[in-house]
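Step one of this worksheet: look at the structure below.
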Amino acid sequence: MGRNEEIQKLRDEIKQHLETINSLNGKIKELEGLLEDAKSTGAEGEQKLRDEIRKLLAQIEEQKVKFSKDFKDLEERKNNQRDKELNQQKDKYEKMIEELKKKFKNDQEFMEKDYKKRIEELEADLKMARKGFEAERDALEKKRTDM
1379 MGRNEEIQKL RDEIKQHLET INSLNGKIKE LEGLLEDAKS TGAEGEQKLR DEIRKLLAQI
1439 EEQKVKFSKD FKDLEERKNN QRDKELNQQK DKYEKMIEEL KKKFKNDQEF MEKDYKKRIE
1499 ELEADLKMAR KGFEAERDAL EKKRTDM
């Protein structure tokens, strides 16, 4: 059951509780009317109605407590679900960051090896060029001394 469905279910339950409370309040008013009628019929009927009113008031209080508890449960479940989703996202992004760091390190190592290889090639080319330059200089020097 998804979080929204769960929230809707709890809202429906809360609505039912409110309807029950309203219904009980209606019964109390009805009984109060009957109480007024009973006053004319005697103390025994009045006492029965007072007892019934007390019972209904107790039921209303029970419904209020249940309503409050249901609301707190809803809030707690919603907060737990939110925390769970945030932790999942956090884990996902941390994993992505680690993968990016690893990829960057691998790319960096690859580029470093590639540059080292290119530097070695250039140094070898430079060495060969120096040898050629030195040989040419020696040849020119020899020609100059021969002249």
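The sequence shown begins at 1379 in my numbering and counts up by one.
Glycine included, C-beta positions come from ideal geometry on N, C-alpha and C.
{"Item": "Three or more C-beta pairs closer than 8 Å, one from the stretch 1456–1464 and one from the stretch 1391–1408: is that the case here?", "Value": "no"}
{"Item": "Between the alpha carbons of Ile1438 and Asn1382, how many angstroms are there, rounded?", "Value": "28 Å"}
{"Item": "Can you tell me the Cβ-Cβ gap for Thr1398 and Gln1441, rounded? I've got them flagged as a contact below 8 Å.", "Value": "6 Å"}
{"Item": "Assuming Asp1448 contacts Leu1388 (C-beta within less than 8 Å), just tell me the rounded distance between them.", "Value": "6 Å"}
{"Item": "Is it right to say Leu1427 is buried, meaning 16 or more other beta carbons lie within 10 angstroms of its own, or is it exposed?", "Value": "buried"}
{"Item": "As a quick exercise: from Ala1517, Ile1431, Lys1505, pick the residue whose alpha carbon is nearest that of Gly1404.", "Value": "Ile1431"}
{"Item": "Please tell me whether Leu1452 and Ile1385 are closer than 8 Å, where the distance is taken between their beta carbons.", "Value": "yes"}
{"Item": "Please report the straight-line C-alpha distance between Gln1394 and Ser1446, rounded to a whole angstrom.", "Value": "13 Å"}
{"Item": "Measure the alpha-carbon distance for Glu1391 versus Lys1444 and round it to whole angstroms.", "Value": "10 Å"}
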